[in-house]
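Engineer:
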C-alpha cells in the first residue's frame with residue numbers, strides 16, 4: 004500500500020486509464036517510449052486527427068489529455084506547465100496552439116478532449132489493431148455517420164409533433180382544472196391532477 | 059511494530075513524565091492556507107473553467123496534513139467501501155487519542171503500551187524519516203541515535219497500543235524521505251529524550267529546515283548520488299569518476315515530464331474533493347478541540363523544574 | 059397500338075363525360091384497374107417511342123463516394139439508372155434526386171437535359187422534401203391498398219388525398235364507399251388493411267411517373283366520378299395530368315414520390331373515420347383512411363412507435379374535401395376480403 008503523492012494536484016482524466024503503462028518496446032527503452040509518445044502527441048496536436056496502432060494511440064491519448072488538462076488548469080503563465088508543454092510539443096509553434104486554441108476550446112467541456120475510433124484494418128498482413136485518434140472539435144468532417152439527432156428527420160418530426168400535441172392537451176386540461184378549482188375552491192383535485200403527469204419521449 | 063529498540067530504564071521514566079506533562083500542542087493548518095493564497099490570483103483570472111473551479115476547494119489543503127486519508131492510487135487495490143470504512147475507523151481512533159499534524163523531518167515522541175516495560179509504557183523520541191501507507195495501515199518511522207547506536211522504530215499511526223504521539227519540533231526538511239540519515243554522521247539524527255516541545259506561534263507556516271547533512275564515507279546503504287537529494291551536502295566528495303559516469307548513464311531526466319506516471323501516483327482532484335468533503339467536518343472539529351485544550355494547558359500547567 | 063390510342067382519344071372527343079358514364083356500369087373495380095393500367099402502359103410506350111433518335115446528356119453526379127460525370131440517354135435514362143451505375147447502396151437508399159441543386163426529381167422520371175445530380179436518401183441533412191415525398195407516397199399506396207382490400211361486391215371509389223403534412227401525425231386517403239353507409243372498421247379489419255399494405259411494400263414496386271393529356275386522363279378515370287371532376291381543374295394550367303403507377307394501380311398525384319414501395323418500412327393503418335358531407339352536395343360521405351409509417355431502416359422502439367400509432371388514430375384535422383358535414387343515415391354490412 005503506497006501513499007498517494009500529495010505534492011501535485013491533477014484533474015481527473017475523462018478517458019480510461021489502465022493500471023499500468025504500456026512499455027512500447029524498442030531498443031532505447033523507457034526513453035525511447037517517451038520519444039515515441041512525444042512524436043505522437045505532437046502529431047495529434049498538429050493534425051488533430053491521426054491514424055495509428057491501438058497501443059501507441061491509447062498511450063499517447065492519455066498523455067495528450069493530461070497535457071491539455073494541465074494547460075487548462077494552470078494557464079500559460081505557469082512555468083512548470085510551460086516546461087512540460089515545451090517538452091511534449093516538438094514543434095514550438097504548437098505550444099501557442101495549445102494555450103491559445105485548445106485551452107479555450109476545451110475549457111468548459113464535460114467530455115474528454117480526444118476521441119478514439121476503431122479503424123478498419125487490412126484483410127491480409129499483420130493484424131495490428133488500427134485506430135483513429137482525434138481531438139474533439141476538429142475542423143474535419145465527422146467520422147461517424149450518426150445523424151439521428153437531426154430534428155428534420157421524419158421520425159423526429161413525428162415525435163416532436165406528438166410531444167407538442169400531448170403538451171397542448173395537458174395544458175388545456177390544467178387550464179380547465181384551474182378554472183374548476185377557482186369556482187369550487189377544491190384544491191385536492193388539482194393536486195391529484197398535478198401528480199398524474201407521465202412524460203413521453 | 060518495532061524494528062529495533064534500545065532502551066534504558068531512565069528513559070522510560072522520562073517517557074511517563076513527558077506524557078503527563080506535555081500531552082499535545084496546538085496544530086497549525088495555516089501553511090496550507092498560505093499556499094493556496096499564493097496560487098489563487100492566477101486561478102481567478104479564468105473563472106469559467108470547470109477544472110479550475112473544482113481545484114479551488116479549500117479542503118484540498120488537508121492533503122498535506124492527513125495524507126493517509128487518501129487511498130492507494132493503484133486502481134488494483136481500490137475498494138471504495140473498504141476505503142470508506144477505513145476512513146470512519148481512522149476518525150474514531152483520532153477521537154480516542156490526539157494524532158497531531160507532522161511531516162517527514164519533524165521530531166516526535168511516541169508512547170506505546172508495552173507489557174514488558176517498566177511502567178507498562180515505552181516512549182521513544184526521534185526524527186520522522188519516512189511516512190508510508192494509507193488508510194489504517196499508515197505508518198511512520200522514527201530514527202534516533204541512542205548510545206552511539208542508530209535506532210529506528212516503525213510505528214503504525216492507528217495502532218491501538220500507541221498511547222500518545224507528541225510533536226516536539228514541527229518542521230519539514232528538503233526531501234520527502236530522510237533515509238539518507240542512516241548513512242549520515244550520527245549527530246544529524248541524535249535527539250535527546252528529554253527535549254522540550256517547541257511551540258510555534260499560531261498562524262505561522264510550517265518551517266522548512268534547510269540543513270544539509272554530511273554523509274559518512276562509503277560503503278552506503280543506497281546509491282544516494284543517483285537520487286537527486288537536496289538535503290545532502292558532501293555527496294560529491296565520496297564519488298569516484300566511475301560513479302559519476304554511471305549516474306549520467308542512469309539518469310532519467312524525462313521522468314519529470316512523464317505526465318501519466320505522475321497521474322498514476324496521485325489521487326485526482328475530483329476524487330479528493332469527495333473524500334475531503336466526507337471527513338472535513340470531523341477533522342476541523344478535532345483541530346478545534348485540540349486548539350482549545352492546548353490553550354488551556356499553556357495557561358494552567360505550572361512550570362516544572364524536573365526536566 | 060398507336061391506332062388504339064387514337065381510337066380511344068377519338069372516342070373521348072366524341073363522347074362527353076356524361077355520355078361515358080353508362081360505361082361505368084359494366085366495369086367492376088378490378089376491370090377498371092386493369093383498363094387503367096393498360097392505358098398507362100400504352101401511353102408510356104408511346105411517349106418512349108416519341109423520343110426518337112437517342113441523344114446523350116452529361117449528368118454530373120455530386121456526392122459519395124466521389125463526384126463523377128455520367129453520359130446518359132436523353133429522355134430515357136432516369137436518376138435510378140444513374141444510381142445503378144454507382145452502387146447497390148445508392149439504388150436502394152436513394153429516395154429522391156436533386157437536379158441542379160434546386161429541382162426535386164423522381165427517381166423514375168427520365169432526365170431531359172444536362173444537369174448536376176444529387177441523390178437524396180432519408181438521412182440527408184435537410185430531408186424536408188424527401189419526407190414530403192415519402193408521406194405523399196404513403197398516401198398514394200394507401201389508396202392502392204384500399205382499392206384492392208375490399209371484396210368485389212363493395213365498389214371503391216378513390217376520392218383524393220391532401221398534400222403531405224407530416225406534423226399532423228398521419229397520412230390519409232379519402233375514399234368513397236357508396237354501398238357502405240355506416241362502417242366502423244374492427245381492429246381485425248385494420249390489421250387486414252395493414253397486411254395488404256405490407257404486401258404492396260414487399261413487392262418493392264417502382265413508382266412510375268407519366269404525364270398525360272386531359273382527355274386520356276378522363277378516359278382512364280372514366281368510372282370514377284370524383285376523379286373526373288377533379289381532372290379539369292388539375293389540367294387547367296398546361297393541359298397535363300401527372301399520373302403515378304405502382305404495380306397495377308394508377309392514380310393522380312402532383313409528385314414527386316420516392317423511388318420504390320420497398321422504402322416504406324414499419325407502418326400502421328391506424329383508423330378509418332367517416333366524414334359527412336352536406337346533403338345537397340353530390341358526395342354524401344367519405345371515409346378517411348389514416349395511417350403512419352416510417353422509412354425502411356429507421357429504428358424505433360416499439361413503445362415510441364405505439365405513441366405515434368395512437369396519435370394517428372385521431373381524426374386528422376386536414377380540411378375535408380367535401381363541403382359541410384351532415385348526419386349520416388343507414389347502416390350496412392361491411393364485407394372485406396382476407
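Chains as they are written, first to last, in the numbering used here: chain A, 4 to 204; chain B, 59 to 365; chain C, 59 to 396. Quick reminder that beta carbons are idealized off the backbone N, C-alpha and C, glycines included. Nothing here was measured: the structure is a model prediction, and the numbers come from that model.
Name, please, each residue of chain A whose Cβ falls closer than 9 Å to the Cβ of residue 329(B).
Structural biologist: Neighbours of residue 329(B) on chain A, chain order: 15.
Engineer: Put residue 141(B) into one of helix, strand or coil per three-state DSSP.
Structural biologist: Three-state result, residue 141(B): helix.
Engineer: Tell whether a beta-carbon distance below 8 Å holds between residue 248(B) and residue 209(B).
Structural biologist: No, these two residues do not count as a Cβ contact at 8 Å.
Engineer: Tell me the rounded alpha-carbon separation between residue 179(B) and residue 141(B).
Structural biologist: Straight-line Cα distance between these residues: approximately 31 Å.
Engineer: Measuring alpha carbon to alpha carbon, tell me which residue in 167(B), 149(B), 127(B) is nearest residue 220(B).
Structural biologist: Nearest option by C-alpha distance: 167(B).
Engineer: Could you list which residues in chain A have their beta carbon closer than 9 Å to that of residue 164(B), in chain order?
Structural biologist: Under the 9 Å cutoff, chain A gives no residues; its nearest Cβ is about 16 Å from residue 164(B).
Engineer: Using 8 Å as the Cβ pair cut-off and three pairs as the minimum, do the stretch 151-160 of chain B and the stretch 220-229 of chain B touch?
Structural biologist: The stretch 151-160 of chain B, when compared against the stretch 220-229 of chain B, does touch it at the 8 Å Cβ threshold.
Engineer: Return the CA-CA distance between residue 349(C) and residue 145(A), expressed in angstroms with no decimal places.
Structural biologist: Each residue's alpha carbon lies about 36 Å from the other.
Engineer: Cα separation between residue 122(A) and residue 229(C)?
Structural biologist: The alpha-carbon atoms of residue 122(A) and residue 229(C) are separated by roughly 42 Å.
Engineer: Provide the residue span of the beta strand (DSSP E) that contains residue 6(A), from first to last.
Structural biologist: Counting along the chain, residue 6(A) falls outside any beta strand (DSSP E), and DSSP gives it neither H nor E.
Engineer: Counting C-beta neighbours from all protein chains within 10 Å, is the total for residue 364(C) 16 or more, i.e. buried, or is it exposed?
Structural biologist: Counting Cβ neighbours within 10 Å, residue 364(C) comes out exposed, since fewer than 16 surround it.
Engineer: Can you pull the chain A residues whose beta carbon is under 8 Å from the beta carbon of residue 318(C), in chain order?
Structural biologist: In chain order: nothing, as chain A lies at least about 17 Å away.
Engineer: Using CA coordinates, which residue listed in 297(C), 221(C), 170(C), 234(C) is at the minimum distance from residue 129(C)?
Structural biologist: Measuring from the Cα of residue 129(C), the nearest candidate turns out to be 170(C).
Engineer: Using a Cβ distance threshold of 8 Å, determine whether the stretch 127-141 of chain C contacts the stretch 162-178 of chain C, with at least three qualifying pairs required.
Structural biologist: Yes, they touch.
Engineer: Which same chain residues, not among the five before or five after residue 338(B), have their C-beta less than 8 Å away from its C-beta?
Structural biologist: If we look at residue 338(B) and ignore the five residues flanking it on each side, its Cβ neighbours are 117, 120.
Engineer: For chain A, find out if any of its Cβ atoms is closer than 8 Å to the Cβ of residue 287(B); answer yes or no.
Structural biologist: Not one chain A Cβ lies under 8 Å of residue 287(B).
Engineer: Measuring only the C-alpha atoms, how far is residue 325(B) from residue 134(B)?
Structural biologist: Between residue 325(B) and residue 134(B), the C-alpha separation is close to 14 Å.
Engineer: Is the stretch 305-315 of chain C touching the stretch 262-275 of chain C, taking contact as three or more C-beta pairs under 8 Å?
Structural biologist: Touching, yes.
Engineer: Please state if the CB of residue 174(C) and the CB of residue 120(C) are separated by a distance shorter than 8 Å.
Structural biologist: For residue 120(C) and residue 174(C), yes; Cβs fall inside 8 Å.
Engineer: So what's residue 158(C) in DSSP terms, helix, strand or just coil?
Structural biologist: If DSSP states are grouped into helix, strand and coil, residue 158(C) belongs with coil.
Engineer: Please report the distance separating the alpha-carbon of residue 44(A) from that of residue 10(A).
Structural biologist: Near 26 Å, if we compare the C-alpha coordinates of residue 10(A) and residue 44(A).
Engineer: Taking all protein chains shown into account, do 16 or more other C-beta atoms lie within 10 angstroms of the C-beta of residue 330(B), making it buried, or fewer, making it exposed?
Structural biologist: Buried, since its Cβ has 16 or more Cβ neighbours within 10 Å.
Engineer: Is the distance from the Cβ of residue 160(C) to the Cβ of residue 375(C) below 8 Å?
Structural biologist: No, they are not a contact pair.
Engineer: To which residues of the same chain is residue 8(A) closer than 6 Å at the C-beta, ignoring the five residues directly before and after it?
Structural biologist: Excluding residues within five positions, none has a Cβ falling inside 6 Å.
Engineer: Can you tell me which of 334(B), 347(B), 342(B) puts its alpha carbon nearest to the alpha carbon of residue 115(B)?
Structural biologist: For residue 115(B), the nearest C-alpha among the options comes from 334(B).
Engineer: Does the beta carbon of residue 42(A) sit closer than 8 Å to a beta carbon anywhere in chain C?
Structural biologist: Judged by the 8 Å Cβ criterion, residue 42(A) is not in contact with chain C.
Engineer: Within the stretch 160-210 of chain C, note down every full beta strand (DSSP E) run reaching 3 residues or more, in order along the chain.
Structural biologist: Qualifying beta strand (DSSP E) stretches, in chain order: 161-163, 173-178.
Engineer: From 30(A), 41(A), 97(A), 124(A), pick the residue whose C-alpha is nearest to that of residue 57(A); which is it?
Structural biologist: Nearest C-alpha to residue 57(A): 124(A).
Engineer: With contact counted as at least three CB pairs below 8 Å, one residue from each stretch, are the stretch 127-144 of chain A and the stretch 57-72 of chain A in contact?
Structural biologist: They touch, by the three-pair rule.
Engineer: Could you spell out the range, first to last residue, of the alpha helix (DSSP H) harbouring residue 249(C)?
Structural biologist: That run of the alpha helix (DSSP H) goes 245-260.
Engineer: Run through DSSP, which three-state label would residue 226(B) get?
Structural biologist: Residue state, collapsed to three classes: strand.
Engineer: Out of 279(B), 207(B), 269(B), 257(B), state which residue places its alpha-carbon closest to the alpha-carbon of residue 289(B).
Structural biologist: When only C-alpha atoms are compared, the closest one is 269(B).
Engineer: According to DSSP, simplified to helix, strand and coil, what is residue 352(B)?
Structural biologist: Helix.
Engineer: Run through chain B and tell me which residues come within less than 8 Å of residue 99(A), C-beta to C-beta.
Structural biologist: Neighbours of residue 99(A) on chain B: none; closest Cβ ~17 Å, over 8 Å.
Engineer: Got a sec? Which residues, its chain only, sit under 8 Å from residue 188(C) by beta carbon, not counting five neighbours each side?
Structural biologist: Counting only Cβ-Cβ distances below 8 Å, and skipping sequence neighbours, we find 153, 154, 178, 179, 180, 182, 316.
Engineer: If you run the structure through DSSP and keep just helix, strand and coil, what is residue 366(B)?
Structural biologist: Any question about residue 366(B) goes unanswered here, given that chain B covers just 59 to 365.
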